[in-house]
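In terms of UniProt numbering, the sequence shown has 11 at position 11, counting the first letter as 1, and numbering is strictly consecutive. Glycine included, C-beta positions come from ideal geometry on N, C-alpha and C. Computed from a predicted structure; not experimentally measured.
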Amino acid sequence: MSTKNKIMIEATPHFIETQSYPEEGRYVFAYTITITNAGMIPAKLLTRHWLITDANGKVQEVTGEGVIGEQPYLKPGESFRYTSGAMIETPVGVMQGKYSMRSDDGEDFEAYIPKFTLSIPRTLH
């Protein structure tokens, strides 16, 4: 990836116990994403594509425009932070994905979201 279009993505997941019902196979997680434009040119987030996999190997695919109803435009050095959620059927899972971006010079590129773990407290060491 060139330094012209460089997007850094950080994810912080949290288990939402009050909305989860383990006896029904319902585990709810929130995750906060921070997207930072570490490149040299402004860029706009156009679409998202998530793969959410539970411990049984069940994959949910989520696609759509923007994030939380927005298509953030980030100048170099700017960040955008949002919180969203996911529900899986097991106490542990993983999420990964990508954002489709467009820089001000018209170049379309992908910003990959590193894999992160969804886990209820005290499940993983």
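Practice problem: Give me the Cα-Cα distance between residue 107 and residue 100, rounded to the nearest whole angstrom. | Solution: Going by the C-alpha atoms only, they are around 11 Å apart.
Practice problem: Apply the 10 Å Cβ neighbour rule to residue 8 and answer buried if 16 or more other Cβ atoms are within range, or exposed otherwise. | Solution: Counting Cβ neighbours within 10 Å, residue 8 comes out exposed, since fewer than 16 surround it.
Exercise. Could you tell me which uninterrupted beta strand (DSSP E) segments, each at least 3 residues in length, are contained entirely in the UniProt domain "ApaG" (1-125), listed from first to last along the chain?
Key: Runs of the beta strand (DSSP E) inside the UniProt domain "ApaG" (1-125): 7-15, 27-37, 43-54, 59-65, 79-88, 92-103, 108-119.
Quiz item: Rounded to a whole number of angstroms, what is the C-alpha to C-alpha distance between residue 6 and residue 40?
Solution: Going by the C-alpha atoms only, they are around 8 Å apart.
Quiz item: Could you give the distance in angstroms between the alpha-carbon of residue 75 and the alpha-carbon of residue 23?
Solution: Distance between the alpha carbons of residue 75 and residue 23: 46 Å.
Practice problem: Under 8 Å by Cβ, that's how I've got residue 86 and residue 15 pegged, so tell me the actual separation to the nearest angstrom. | Solution: So it is not a contact: roughly 11 Å between Cβ atoms.
Quiz item: Looking at C-beta atoms only, is the number of pairs between the region 111-124 and the region 66-85 that lie closer than 8 Å three or more?
Solution: With fewer than three CB-CB distances shorter than 8 Å, the region 111-124 does not count as touching the region 66-85.
Quiz item: When you compare each of 65, 84, 58, 103 to residue 37 by their alpha carbons, which one comes out closest?
Solution: Out of 65, 84, 58, 103, 103 has the C-alpha closest to the C-alpha of residue 37.
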